[in-house]
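K.L.:
Mind looking over this structure? Questions follow.
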């Protein structure tokens, strides 16, 4: 019994391969489309994982250096920018907006001192403008980070439906063949039904 349970997964994989080779042209095309979709989905997942890991790592570096500064604008004025970090980009654009709102004489003094003096207070209107810039940048970064997730969602939803289409098509073809041969022998209909189910199995595996 233990030996049989060990060989059951292998037998199932062999059944999928056998069903693929026994299926009609429509079934084979659908399986190939599903496999191509799985490659695209894997590429998106790996790419997003690397991208998010890089953003998280650079965000930690930015947070450490920012907290080591003298005031809010110290990191911005020191020009230690350039890493791929959403948090840093949001901070930089907000600081750029803040500096542009300052009086030119105060701005030049702060830049020359590189944040040595305390940042001047802003009016409520200026604070609202800076906050608007910050929120707009947050939305832009959210869209950038989520880029590619729509493709992944489409694959997860469409691949099982393609599998269902292939199965229905294969069953329809099997019954049509059975009608032509005027035979209801299980030995003739079972292989066709089995090969028709391959597209659904592959579709579910890709979605999972």
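Residue numbers (our numbering): 70 to 277. Here a beta-carbon is modelled for each residue, glycine too, at the ideal position from N, C-alpha and C. Keep in mind it's a predicted model, so treat the numbers as computed, not measured.
Should the stretch 264-272 be called in touch with the stretch 82-91, which here means at least 3 C-beta pairs below 8 Å?
P.N.:
Yes, since at least three Cβ pairs between the stretch 264-272 and the stretch 82-91 fall closer than 8 Å, the two stretches touch.
K.L.:
Please classify residue 155: is it buried, with 16 or more other beta-carbons within 10 angstroms of its beta-carbon, or exposed?
P.N.:
Taking the first residue of the chain shown as position 1, residue 155 is located at position 86. Buried: at least 16 other Cβ atoms inside 10 Å.
K.L.:
Measuring only the C-alpha atoms, how far is residue 237 from residue 135?
P.N.:
Counting from 1 along the chain shown, the entry for residue 237 is found at position 168. Counting from 1 along the chain shown, the entry for residue 135 is found at position 66. Spanning the two alpha carbons is a distance of roughly 60 Å.
K.L.:
Just checking, does the stretch 238-246 make contact with the stretch 220-227 on the three C-beta pairs under 8 Å criterion?
P.N.:
Flag = no, the stretch 238-246 and the stretch 220-227 do not touch.
K.L.:
Helix, strand or coil for residue 91? Go by DSSP, reduced to three states.
P.N.:
The residue given as residue 91 occupies position 22 in the chain shown. In the structure shown, residue 91 sits in a helix (DSSP, three-state: H, G or I).
K.L.:
Do residue 198 and residue 166 have their C-beta atoms within less than 8 Å of each other?
P.N.:
Residue numbering aside, residue 198 sits at position 129 when the chain shown is read from its first letter. Residue numbering aside, residue 166 sits at position 97 when the chain shown is read from its first letter. For residue 198 and residue 166, yes; Cβs fall inside 8 Å.
K.L.:
Let's test the definition: count the other Cβ atoms within 10 Å of the Cβ of residue 192 and tell me whether it reaches 16, buried, or not, exposed.
P.N.:
Along the chain shown, read from residue 1 onward, the residue named residue 192 stands at position 123. Looking at its Cβ environment, which holds fewer than 16 other Cβ atoms inside 10 Å, residue 192 is exposed.
K.L.:
Excluding the 5 residues preceding and the 5 following residue 160 in the sequence, name in chain order all residues of the same chain whose CB lies nearer than 8 Å to its CB.
P.N.:
Stepping through the chain shown from its first residue, residue 160 is reached at position 91. Once the five neighbours on either side are set aside, the close Cβ partners of residue 160 are 131, 135, 144, 145.
K.L.:
Can you list, in chain order, the residues of its chain with a C-beta nearer than 7 Å to that of residue 106? Leave out the 5 residues immediately preceding and following it.
P.N.:
Sequence index remark: in the chain shown, residue 106 carries index 37 (1-based). If we look at residue 106 and ignore the five residues flanking it on each side, its Cβ neighbours are 224, 228, 275.
K.L.:
Apply the 10 Å Cβ neighbour rule to residue 208 and answer buried if 16 or more other Cβ atoms are within range, or exposed otherwise.
P.N.:
The count along the chain shown starts at 1 and reaches residue 208 at position 139. Burial call: exposed.
K.L.:
By Cβ distance below 7 Å, which residues in the same chain neighbour residue 258 in space, the five residues on each side in sequence not counted?
P.N.:
As a first step, residue 258 is located in the chain shown; it is residue number 189 there, counting from the start. Here the set comprises 243, 247.
K.L.:
If we ignore side chains and look at the alpha-carbon of each, how far apart do residue 169 and residue 138 end up?
P.N.:
Translated into the one-based positions of the chain shown, residue 169 becomes position 100. Translated into the one-based positions of the chain shown, residue 138 becomes position 69. The straight-line gap from Cα to Cα measures roughly 21 Å.
K.L.:
Rounded to the nearest angstrom, what separates residue 231 and residue 215 at their Cα positions?
P.N.:
Numbered from its first residue, the chain shown carries residue 231 at position 162. Numbered from its first residue, the chain shown carries residue 215 at position 146. Computed Cα separation, rounded: 25 Å.
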